[in-house]
Amino acid sequence: MVLPDQPVTLTPEQVAALNQKLSAMRHDINNHLSLMMAAVEMIRLRPEDAPRRLATLAEQPARISRALAEFSAEFEKALGITR
1196 MVLPDQPVTL TPEQVAALNQ KLSAMRHDIN NHLSLMMAAV EMIRLRPEDA PRRLATLAEQ
1256 PARISRALAE FSAEFEKALG ITR
């Protein structure tokens, strides 16, 4: 990772945009975690539904990773960080 060698200045609009993206990412991650918790609870209550619920569980980590990667890319771009 290469950090900028000069101070980085963001406009209030850029800070607001990053904050909005951070808020959206937190919301999305919480939704994915809620789906995981609901799937576990449904498996506990109705074990016969486990195969279908396991598919839901299996999808969520990749979705969370994707959300983090997208925000990280935007954040790094805004701050001039390169990889």
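My numbering numbers the first residue of the sequence shown as 1196 and each following residue consecutively.
Ideal placement from N, C-alpha and C gives every residue a C-beta, glycine not left out.
Rounded distance between the beta-carbons of THR1206 and LEU1230, thought under 8 Å
About 36 Å separates the two Cβ atoms, so there is no contact after all.
In angstroms, rounded to a whole number, what distance separates the CA positions of LEU1217 and PHE1270?
If I take the Cα positions, the gap works out to 9 Å.
DSSP state of VAL1235, grouped into three classes?
helix
In three-state terms, what does DSSP make of THR1206?
coil
Considering only the alpha carbon of each residue, which of THR1277, SER1267, ARG1248 and ARG1239 lies closest to ASN1214?
SER1267
Relative to the C-alpha of ILE1224, which candidate in ALA1245, THR1204, ARG1248 and GLN1255 has its C-alpha closest?
GLN1255
Would you check if the distance between the CB atom of VAL1197 and the CB atom of THR1277 is smaller than 8 Å?
yes
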